[in-house]
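Start counting the sequence shown at 35; every next residue gets the next number (the working numbering).
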Amino acid sequence: MSTKSFSDDLMFGQEGSIFTNTNTQVVAPIGQAIIAIQMLADTTFDELSPVSGFNHYPDGICVGDATGEKGLGTKNAGSESKYTGSGGQIINADSDSNLTKFPKGIIIYGRWESFTIDSDADGGVIAYISR
Numbered sequence: 035m036s037t038k039s040f041s042d043d044l045m046f047g048q049e050g051s052i053f054t055n056t057n058t059q060v061v062a063p064i065g066q067a068i069i070a071i072q073m074l075a076d077t078t079f080d081e082l083s084p085v086s087g088f089n090h091y092p093d094g095i096c097v098g099d100a101t102g103e104k105g106l107g108t109k110n111a112g113s114e115s116k117y118t119g120s121g122g123q124i125i126n127a128d129s130d131s132n133l134t135k136f137p138k139g140i141i142i143y144g145r146w147e148s149f150t151i152d153s154d155a156d157g158g159v160i161a162y163i164s165r
């Protein structure tokens with residue numbers, strides 16, 4: 035007898051996916067989030083925005099590209115709380131001089147409301163959606 039439930043499936047993107055290889059913002063449907071992004075080629079981002087305010091996490095629960103979007107980390111060791119740890123950096127994106135490059139084949143997991151990649155006609159990404 036299996037103990038797997040329908041809600042288990044929802045955690046892994048069975049509610050849909052979005053492919054893009056252009057420099058156009060991808061936004062999750064209302065009430066849902068992008069929970070995984072699979073890189074089909076080496077990928078850099080122009081924007082990566084975590085869902086904010088989710089389960090009391092004021093700056094999101096995954097990395098992004100703006101100040102404060104460091105996943106559960108903060109920049110100050112010793113400032114850990116119930117909802118934040120320490121360490122981590124933001125993703126270098128947009129016009130940063132040293133862009134963060136995610137290699138082909140990697141999948142990053144989190145809860146993002148939107149993202150924009152740098153255009154790549156030979157690759158792109160697949161974003162997986164869930165509640």
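Every residue, glycine too, gets a C-beta built ideally from N, C-alpha and C.
Proximity below 7 Å, CB of residue i to CB of residue j
i	j	result
N55	G139	no
T134	I125	yes
S148	Q59	yes
I163	G50	yes
V85	R145	yes
A75	D156	yes
Where residue i sits in the DSSP three-state scheme
i	result
D128	coil
E147	strand
A75	coil
D82	Inspection of the sequence shows that residue 82 is occupied by Leu rather than by Asp. Strand at L82.
Y162	strand
S113	coil
I48	In the sequence as presented, Ile is not what sits at residue 48; that position holds Gln. If DSSP states are grouped into helix, strand and coil, Q48 belongs with the strands.
I141	strand
T54	strand
CB-CB length for residue i against residue j, believed under 8 Å
i	j	result
I71	A161	5 Å
I151	D80	7 Å
Per DSSP, cross-strand counterpart(s) of residue i
i	result
I68	W146 and I163
Contacts around residue i, its chain only, beta-carbon distance under 8 Å, and the 5 residues preceding and following it disregarded
i	result
N57	D80, T150, I151, D152 and S153
R165	L44, E49, G65, Q66 and A67
N235	The first residue shown for the chain is 35 and the last is 165, placing residue 235 beyond what the model contains.
Close Cβ partners of residue i (< 6 Å) along its chain, the five nearest in sequence each way excluded
i	result
A67	V85 and R145
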